[in-house]
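> All you need for our numbering is the position in the sequence shown, starting with 1, plus 19.
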Amino acid sequence: DFSEVKSVIRNFVERLDHQFLNDLKPFDELNPSAENLAKYVHDGLGKQLGNGDIRLQAVTVWETDTSSATYRP
Numbered sequence: 020d021f022s023e024v025k026s027v028i029r030n031f032v033e034r035l036d037h038q039f040l041n042d043l044k045p046f047d048e049l050n051p052s053a054e055n056l057a058k059y060v061h062d063g064l065g066k067q068l069g070n071g072d073i074r075l076q077a078v079t080v081w082e083t084d085t086s087s088a089t090y091r092p
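(1) Spell out a yes or no on whether the stretch 42–51 and the stretch 20–29 are touching, meaning 3 or more CB-CB pairs, one atom from each, closer than 8 angstroms.
(2) Tell me whether S26 sits in a helix, a strand or coil according to DSSP, three-state version.
(3) Mind reading off the beta-carbon distance from A88 to A53? Whole number of angstroms is fine, and I expect it under 8 angstroms.
(4) Which residues does DSSP list as the beta-bridge partners of V80?
(5) Quick one: Cα of K58 to Cα of L75, how far?
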């Protein structure tokens with residue numbers, strides 16, 4: 020159900036939105052680069068969505084309109 024997926028994603032992203040990432044775990048010890056953030060989001064959402072029905076393929080984090088990082092396991 021896409022509404023459930025959207026809700027999980029929204030709740031996950033809201034924890035990061037308008038936050039100083041350097042103050043949040045694991046970024047208090049890990050550089051909050053786009054590459055590390057993409058992996059963090061992939062791993063976190065993968066756990067929440069990983070009930071067998073949904074498999075997260077990749078996460079792309081955009082820094083600017085032309086600069087991004089994609090994580091694929």
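Positions of the beta carbon are idealized from the N, C-alpha and C atoms, including for glycine.
Here the structure is a predicted model, which means the values were calculated and not measured.
A quick look at the data gives this:
(1) no
(2) helix
(3) 4 angstroms
(4) A88
(5) 12 angstroms
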